[in-house]
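Trainee: Taken in order, these protein sequences are the chains called A and B. Count the first sequence with our numbering and you get residues 1 to 420, in order. Count the second sequence with our numbering and you get residues 1001 to 1420, in order.
2 protein chains.
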Amino acid sequence: MAVKNAFYAQSGGVTAVINASACGVLQTARKYPDRIGKVYAGRNGIIGALREELIDTSLETDETIAALRYTPGGAFGSCRHKLKNFDENKREYERLIEVFRAHDIGYFFYNGGGDSQDTAYKISQLSERLGYPITAIGIPKTVDNDLPFTDNCPGFGSVAKYVATSTLEASLDIESMCESSTKVFILEVMGRHAGWIAASAGLAGKGHDQAPHIILFPEIAFDREAFLARVDHCVKEYGYCVVVASEGAQYEDGHFIADAGGRDAFGHTQLGGVAPVLANMVKQALGYKFHWAVSDYLQRAARHIASETDVRQAYAVGEAAVEFAMNGKNAVMPIIRREQNSPYRWSIGEVPLGEVANQEKKMPIHYIRDDGFGITADCREYLLPLIAGEDYPPFENGLPKVARPANKLVPKKLKATFEL
Amino acid sequence: MAVKNAFYAQSGGVTAVINASACGVLQTARKYPDRIGKVYAGRNGIIGALREELIDTSLETDETIAALRYTPGGAFGSCRHKLKNFDENKREYERLIEVFRAHDIGYFFYNGGGDSQDTAYKISQLSERLGYPITAIGIPKTVDNDLPFTDNCPGFGSVAKYVATSTLEASLDIESMCESSTKVFILEVMGRHAGWIAASAGLAGKGHDQAPHIILFPEIAFDREAFLARVDHCVKEYGYCVVVASEGAQYEDGHFIADAGGRDAFGHTQLGGVAPVLANMVKQALGYKFHWAVSDYLQRAARHIASETDVRQAYAVGEAAVEFAMNGKNAVMPIIRREQNSPYRWSIGEVPLGEVANQEKKMPIHYIRDDGFGITADCREYLLPLIAGEDYPPFENGLPKVARPANKLVPKKLKATFEL
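Right, here's the structure in full:
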C-alpha cells in the first residue's frame, strides 16, 4: 500500500486529557512508517487545514510526544469552527481537498465533541462527493459527556474527579467554619445542557444529610421556593449547606438562572454565572452568610487531578483511531464500551460517524434523585469507575511538567490563501 | 511534674494543612503521657472553651490522628471569634478559667493567624491577671501569609501550589483556544490585603510574554487605563491574556475593584468578586471574549495538591508547640526560619506572642515587577521552595480519604452555660 500522510486536529473546548488522545494517535502512527508518512497536526483545529497551517509532528521528539499524555490544553491549538453543509459552503470543502492533495494526506483524524464528529463525517463523504479518497476517523472528546453510544467521553472522567474532589474538600472547610462564619457555599460547574458534571459532585457525599446537599441539574426545572426551603432546612439541620449548580440550570420556562443577574450601570446584562445569582437569592431570602466559587476552565484543565481511567481511555481512543484506519475502516468513531461495573471493565468499540453526529446524550432521569437535588445509586454506580485511579503528571520545581512542542509549520505549497 | 490536660483549638479560616498541625500537636502530646493527660480540642475553636464543648481526642484512634495529616478543613471546627481586651470583656476570661480549672487544663495551644495569636497572648496573661497558671503557645496558620517573623505561614505554600498549578493549566487551555474563542481569562484568588497568593500565580510563567500576563496586587493601586492597555497589548501580541487578580485589589483611593459591580434590580450591592467586574470592564472597553473563575474556598481546601514543604512545616509547628511547652516555654509561637535558599533548608525558631500579635506582613515592594503586573526574581526565589514537593493524600474509590474523627464531647462539669 502507498504511504500517505495523516492529518490530526483538536476541536472544540479542550480537556485535561485531549493531548493523551493526541499521544495515542501519534505514538500509534509512528508504528506504521510503511503506511503513514508524516502526521500533520492542524494548527488550531480544522482552521489549520483551511489555512494550510500544518504542524509537522515528525519534528517533535519521542519525549515530547510522550509528554503530551500528561499535558492539559490542546497542544496544537483547537478551534470553534463548524463546517457548514456541503451545499452551503462548498468552497471550504474544495479548499480542504486542495490542501490535503497538496500534502498527500490520506488519513483524517478529528478529535472533538458532537460538532466535530459532524465535521469528520462530512470529510468522510469527500471521497464520494469530490472524488478525493480519504479515510476519516472521529475521536471522541468532551467534558460535557454528551456524546451518544460511548459509555462516556474522554475528558469527562477527569472533570468529574476534580469536581467530586473539590466538593469534598470545600465541604470540609465549610463544615469547620459554619458555627460562626459561612453557612451556604455554592460551586458552579460546567456541563452546558447536560447535568453530568454537576452529578459527579454527588460522589463527594452519600445521603441527604451529607454535602453536597443540593445539586442543580439542567434537566430539572429550577424551583426557587423549593431550593430556598431546602437550603434553609440544611442550614438548620446540618449547620451548613453546600450547593453545586450546573451552569445550564434553568427555570421551567427555559430561562437560565444565570440570566437573572440583572443589568449593570451601563444597561449591559450583568456578567457572571449561576453561582453569584444563587448566592444573592439566598442572601436576600434567608440572610445566611455565603461564599461562592466558579471553577470555569480550572476544572477542565486540571490535569494534576486527572482520573487514571480517563487518561487510559483518552489514549485508547486515539490509538484505536489509527488502528481502525490501518484496518481499512472509514467514517467511524471509536467508543468506550462498559463490559462490567465492579470491577469495572471496558473495551473499545466503534460506531459509524453518520449515526453519532449532532446527537446529545442527556442524563437518564433515573440518575436523579426524586427530590431533584441529588444523584441515585444507579448514577453513583455509573460514575464511580470513571473517576477511579490517579494519574499524576511529573512535577518539576513544584509545578506540573508539560510538553512544549515546537509546532513547526510545514512550508505552504498552495499559492492561494483562504479567508475564513 | 504533675500531669495536666491540654487544650488545642483551631481558629480563623481553615487551610489544607491546619489538620497537619493538629496531627503534630496530638502525636507529640501522646509521647508525654507523664506530663500531658488528655488533649481536649475546642469544638469550633475558642467557642468550644467558652461553651465547655471539649472534644476528647484521647478517644480517637492513632489511625484517625495520623489521617489528620492529609485531611483538609478544620477537624474540630474553627471559628471567627476574637477575644476582646481583658478590661472590655473580663467575663470571657473568667469563663475560660472556670472551664480550664474544671477540666484541669494546664496547656493552651491555639492554631491560627494574627487575631488568634492575639488570643493566645491574652490567655498567656491569665496566670498573672487572674492567678491561673497556664502555658500558652501559638501555632501559626494562614493562607494569607501575613504573619510577621516567620519565613512563611503554614497553609500558604499549598494555596500557592494550587494557584500556580491552576494558572499554568488554565493558561494552556486558553492558549489552545484563543484563535477562535476566549482571549481573556481572569482568575480571582484570595489573600485579603496581601498579594502573596496572587504573586504565587507568577510561578506559572516567566517573563512578560508568558501567562499569567497580568497579576493585580492589593499593594499596587489599580489603574484602569494601564490595565486595559496591557490586556489589549497581550491579546494583540500573544493572542491571549491571562489575568490573576487578588480579591483585595483596589483603586488608588482604597475602593476595592470588587465594589464596582453595581447594584441589582433590588438596589442591593451586586455580589461577586473582582473577576466578573474586571471581565465586564474588558468586555466593554475592548470587546474581547472572556472567561473568569473564582476559586474561593477550593484554593484553601485543596489538600490533593498540597505542597510537601507546607505539610512538613505545618506538622513541625504543631510538634514544636508541644515540645516548647514541655521545655517550659510560655507565650511563644514557633516560626519557620529560612536557613538557605538553594537547596532550601529551614528550621524551627520561636518568637514571643506579645510581638507577633496583630501585626501584618505585607509583600516587600521589590517582589513586585516595576510595571506592577508581575513578580521579580527575588519573589520567585522566595516562593519556589514553598511549593516544592507533592504530598498526595491516599485515595479510595477515586476520592481523597479523609479523617472522620468521632469528636465526642467531654461531659460538662459546670452548671452555668455561657452566651457568646
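Beta carbons: idealized from backbone N, C-alpha and C, even for Gly.
Using a threshold of 7 Å, is the CB atom of B/Ser1116 nearer than that to any non-hydrogen atom of the ligand MN?
Mentor: The ligand MN is absent from the structure shown, which contains no ligands of any kind.
Trainee: Could you tell me the boundaries of the beta strand (DSSP E) in which B/Met1333 lies?
Mentor: It spans 1332-1341 - the beta strand (DSSP E) in which B/Met1333 sits, taken as one unbroken run.
Trainee: Assuming A/Tyr426 contacts A/Tyr382 under a Cβ cut-off of 8 Å, what Cβ separation, rounded to an integer in Å, is found between them?
Mentor: Outside the displayed span of chain A (1 to 420) sits residue 426 of chain A, for which this structure offers no information.
Trainee: Mind checking who A/Ser246 pairs with in its DSSP beta bridge?
Mentor: Answer is A/Val189, bridged to A/Ser246.
Trainee: Mind checking whether A/Tyr132 and A/Phe100 have CB atoms under 8 Å apart?
Mentor: Their beta carbons are under 8 Å apart, which means A/Tyr132 touches A/Phe100 by this criterion.
Trainee: Once DSSP output is grouped into helix, strand and coil, what is the label at B/Leu1168?
Mentor: Looking at B/Leu1168 - three-state DSSP - the assignment turns out to be helix.
Trainee: Straight-line CA distance for A/Phe222 to A/Val282?
Mentor: Roughly 14 Å separates the two Cα atoms.
Trainee: I'd like to know whether the C-beta of B/Ser1116 is nearer than 8 Å to at least one C-beta of chain C.
Mentor: In the structure shown, chain C cannot be found, because the protein chains are A and B.
Trainee: Among the residues of its own chain, which have a CB less than 8 Å from the CB of B/Ala1275, if the five just before and after it don't count?
Mentor: So the list reads Ile1186, Leu1187, Glu1188, Ala1245, Trp1292, Ala1293, Val1294, once near-sequence residues are dropped.
Trainee: For the alpha helix (DSSP H) that B/His1233 lies in, which residues bound it at each end?
Mentor: Unbroken alpha helix (DSSP H) run through B/His1233: 1224-1238.
Trainee: Would you check if the distance between the CB atom of A/Gly42 and the CB atom of A/Ala9 is smaller than 8 Å?
Mentor: Yes; because the gap between Cβ atoms is below 8 Å, this pair is in contact.
Trainee: Please determine, among B/Asp1151, B/Glu1088, B/Glu1319, the residue with the shortest C-alpha to C-alpha distance to B/Gln1340.
Mentor: It is B/Asp1151.
Trainee: Does the segment 1392-1402 of chain B come close enough to the segment 1070-1085 of chain B that 3 or more CB-CB pairs lie under 8 Å?
Mentor: In short, these stretches touch, since the Cβ pair count reaches three.
Trainee: Pull out every residue of the segment 8-35 of chain A whose Cβ sits closer than 8 Å to any Cβ of chain B, in chain order.
Mentor: Answer set for the segment 8-35 of chain A: Gln10, Gly13, Val14, Ala16.
Trainee: Can you pull the chain A neighbours of B/Ile1196, defined as C-beta to C-beta under 7 Å?
Mentor: In the sequence on display, residue 1196 of chain B carries Trp and not Ile. Under the 7 Å cutoff, chain A gives no residues; its nearest Cβ is about 15 Å from B/Trp1196.
Trainee: Less than 8 Å between CB atoms is the rule here; does B/Ala1406 satisfy it with respect to chain A?
Mentor: Closer than 8 Å: no.
Trainee: Spell out the partners DSSP gives B/Pro1140 in its beta bridges.
Mentor: DSSP output for B/Pro1140 lists B/Gly1112 as bridge partner(s).
Trainee: Report yes if the C-beta distance between B/Gly1248 and B/Ile1139 is below 8 Å; otherwise report no.
Mentor: Not closer than 8 Å, so no.
Trainee: Can you grab the Cα-Cα spacing for the pair A/Gly328 / A/Ala302, in whole Å?
Mentor: When rounded, the distance between both Cα atoms is 36 Å.
Trainee: Can a CB atom of chain A be found closer than 8 Å to the CB of B/His1304?
Mentor: Answer yes: the Cβ-Cβ gap between B/His1304 and chain A drops below 8 Å somewhere.
Trainee: Rounded to whole angstroms, how far is the Cβ of B/Ile1065 from the Cβ of B/Gln1027, which I believe are closer than 8 Å?
Mentor: Rounded, the Cβ-Cβ distance is 6 Å, consistent with contact.
Trainee: Out of B/Pro1148, B/Asp1144, B/Thr1167, state which residue places its alpha-carbon closest to the alpha-carbon of B/Phe1156.
Mentor: Nearest of B/Pro1148, B/Asp1144, B/Thr1167 to B/Phe1156, Cα basis: B/Asp1144.
Trainee: Residues in the same chain with beta-carbon distance under 6 Å from A/Lys82, minus the five sequence neighbours each way, listed in chain order, please.
Mentor: Same-chain partners within the cutoff: Asp115.
Trainee: Counting only the same chain and skipping the five closest in sequence on each side, list residues whose C-beta sits under 6 Å from that of A/Val402.
Mentor: Hits under 6 Å: Thr71.
Trainee: Within the same chain, show all residues whose beta-carbon is closer than 6 Å to that of B/Phe1418, passing over the 5 residues directly before and after it, in chain order.
Mentor: Closer than 6 Å at Cβ, skipping near neighbours: Leu1050, Arg1051, Arg1095.
Trainee: Could you tell me the boundaries of the alpha helix (DSSP H) in which B/Ile1097 lies?
Mentor: Unbroken alpha helix (DSSP H) run through B/Ile1097: 1090-1102.
Trainee: So, using beta-carbon positions, are B/Val1277 and B/Ala1258 closer together than 8 Å?
Mentor: Result yes, Cβ atoms of B/Val1277 and B/Ala1258 sit closer than 8 Å.
Trainee: Taking Cβ positions only, does B/Lys1090 come closer than 8 Å to chain A?
Mentor: Output row for B/Lys1090: interface = no.
Trainee: Check A/Ser127 in the structure and name its three-state DSSP category.
Mentor: Reduced to three states, the DSSP call for A/Ser127 is helix.
Trainee: Output yes or no for whether 8 Å exceeds the beta carbon distance between B/Val1159 and B/Arg1338.
Mentor: Against a cut-off of 8 Å, the Cβ pair of B/Arg1338 and B/Val1159 comes out as no contact.
Trainee: Can you tell me whether B/Leu1271 is buried or exposed? The criterion is at least 16 other CB atoms within 10 Å of its CB, across all chains shown.
Mentor: For B/Leu1271, the predicted model reports a pLDDT of 44, less than 50, meaning its position is unreliable and no value from the coordinates is stated.
Trainee: Below 8 Å CB to CB, which residues in the same chain sit around B/Arg1440 once its five sequence neighbours on both sides are set aside?
Mentor: The question about residue 1440 of chain B has no answer, for chain B in this structure spans 1001 to 1420.
Trainee: So who's on the other strand from B/Asn1005, going by DSSP bridges?
Mentor: In DSSP, B/Asn1005 forms a bridge with B/Ile1105.
Trainee: Can you name the start and end residues of the beta strand (DSSP E) that B/Gly1349 belongs to?
Mentor: Element bounds for B/Gly1349: 1344-1352.
Trainee: Rounded to a whole number of angstroms, what is the C-alpha to C-alpha distance between A/Tyr315 and B/Val1322?
Mentor: Roughly 50 Å separates the two Cα atoms.
Trainee: In chain A, what lies closer than 9 Å to B/Gly1073 by C-beta?
Mentor: Near B/Gly1073 (Cβ distances below 9 Å), the residues of chain A are Glu169, Ala170, Ser171, Leu172, Asp173, Ile174, Glu175, Ser176, Met177.
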